[in-house]
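The sequence shown begins at 49 in my numbering and counts up one residue at a time.
Every residue, glycine too, gets a C-beta built ideally from N, C-alpha and C.
Bear in mind that the values here come from a model prediction, so they are computed numbers and not experimental data.
In what follows, a structure is listed as structure tokens, so that the remarks can point back to it.
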Amino acid sequence: QPTIKTEVFYGCDGKAILNIGVENPDPALKYLYSLDGAAYTTTYVYTNVASGTHSVSVQYEYRNAPSPVMLLKETFG
Numbered sequence: 049q050p051t052i053k054t055e056v057f058y059g060c061d062g063k064a065i066l067n068i069g070v071e072n073p074d075p076a077l078k079y080l081y082s083l084d085g086a087a088y089t090t091t092y093v094y095t096n097v098a099s100g101t102h103s104v105s106v107q108y109e110y111r112n113a114p115s116p117v118m119l120l121k122e123t124f125g
């Protein structure tokens with residue numbers, strides 16, 4: 049079961065580096081990350097994050113989705 053983990057490192061300027069990790073990742077999945085509702089990307093390290101409350105989202109997609117299979121083919125006429 050994958051678990052999401054975040055680590056925050058603060059610089060002297062008050063800005064943070066946010067590292068999002070997936071523990072026990074499923075190798076069949078590609079993980080995508082979003083900070084504060086931005087578009088999902090493969091980037092899991094965010095720099096210059098201002099202090100305050102933020103939202104982190106993680107979604108996944110299959111790396112090798114199965115090929116479609118034709119179950120039925122009808123010809124008419």
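Checklist entry - Under the three-state reduction of DSSP, which class applies to S115: helix, strand or coil? => result Coil, per DSSP.
Checklist entry - Name the DSSP beta bridge partners of Y92, please? => result Its beta-bridge partners do not exist; DSSP assigns none.
Next on the checklist: How far does the beta strand (DSSP E) with A64 in it extend, from its first residue to its last?
Outcome noted: Under the DSSP assignment, A64 falls in the beta strand (DSSP E) whose first and last residues are 64-71.
Item to check | As assigned by DSSP and simplified to three states, the class of L83 | outcome: Correct three-state label for L83: strand.
Checklist entry - What is the DSSP secondary structure of Q107, counted as helix, strand or coil? => result Strand.
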